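Going by the numbering used here, the sequence shown opens with residue 52, and the numbers climb by one from there.
Glycine included, every Cβ here is placed at the ideal spot set by N, Cα and C.
Note that the coordinates shown come from a computational prediction; the quantities given were computed from them, not determined experimentally.
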Amino acid sequence: MIELFFWPTPNGYKATIALAELGLLGKVTPINILAGEQFDPAFLKISPNNKVPAIIDHDGPNGEPVAIFESGAILLYLAEKTGKLLPKSEVKRLEALQWLFFQVSSMGPMLGQAH
Ligand SMILES: N[C@@H](CCC(=O)N[C@@H](CS)C(=O)NCC(=O)O)C(=O)O
């Protein structure tokens, strides 16, 4: 199971939905970004850009714990770890990756600024 550091925002839900769909959602630690908890030094060791979502996979590469921040990196990590969510066909995989990068680099930030 994977530990999630979460606040109920669209970015927070992206990681939550992927973890739930994969049956990997473990302990959920709320990080209240309205109260400044994202600047807690302990959380900054997990997410150095002081943002949710972030995860800790206690069974990461080589069986070691690994902390991951950035929703796109989390989604890619989960897809590669499980062999799910990303198509196997190279062309379809590239298509999915283009929309993933479009979402995290173009759509997400614009919606964030709009709100
Ligand atoms: N590029 C990041 C954006 C994450 C992000 O903007 N998180 C916001 C909530 S939606 C946050 O934690 N803000 C707290 C802050 O910036 O201090 C991702 O895709 O994970």
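Under 8 Å between C-beta atoms of residue i and residue j
{"i": "residue 55", "j": "residue 70", "result": "yes"}
{"i": "residue 148", "j": "residue 65", "result": "no"}
{"i": "residue 123", "j": "residue 117", "result": "no"}
{"i": "residue 97", "j": "residue 76", "result": "no"}
{"i": "residue 120", "j": "residue 102", "result": "yes"}
{"i": "residue 159", "j": "residue 100", "result": "no"}
{"i": "residue 162", "j": "residue 73", "result": "no"}
Element boundaries [alpha helix (DSSP H), containing residue i]
{"i": "residue 142", "result": "141 to 153"}
{"i": "residue 63", "result": "61 to 72"}
{"i": "residue 125", "result": "122 to 133"}
{"i": "residue 82", "result": "Taken as a continuous stretch (DSSP letters only), residue 82 belongs to no alpha helix (DSSP H), as it is neither H nor E."}
{"i": "residue 57", "result": "Unbroken run through residue 57 is the beta strand (DSSP E), 53 to 57; no alpha helix (DSSP H)."}
{"i": "residue 102", "result": "Element bounds for residue 102: n/a, residue is neither H nor E."}
Cβ neighbour criterion (16 or more within 10 Å) applied to residue i
{"i": "residue 104", "result": "buried"}
{"i": "residue 165", "result": "exposed"}
{"i": "residue 113", "result": "exposed"}
{"i": "residue 68", "result": "exposed"}
Distance between residue j and residue i (C-alpha atoms, nearest Å)
{"i": "residue 60", "j": "residue 157", "result": "17 Å"}
{"i": "residue 151", "j": "residue 140", "result": "16 Å"}
{"i": "residue 135", "j": "residue 90", "result": "33 Å"}
{"i": "residue 93", "j": "residue 153", "result": "31 Å"}
{"i": "residue 133", "j": "residue 88", "result": "31 Å"}
{"i": "residue 28", "j": "residue 155", "result": "Past the boundaries of the shown model lies residue 28; the chain is included only from 52 to 166, so the question cannot be answered."}
First through last residue of the beta strand (DSSP E) which encompasses residue i
{"i": "residue 107", "result": "105 to 108"}
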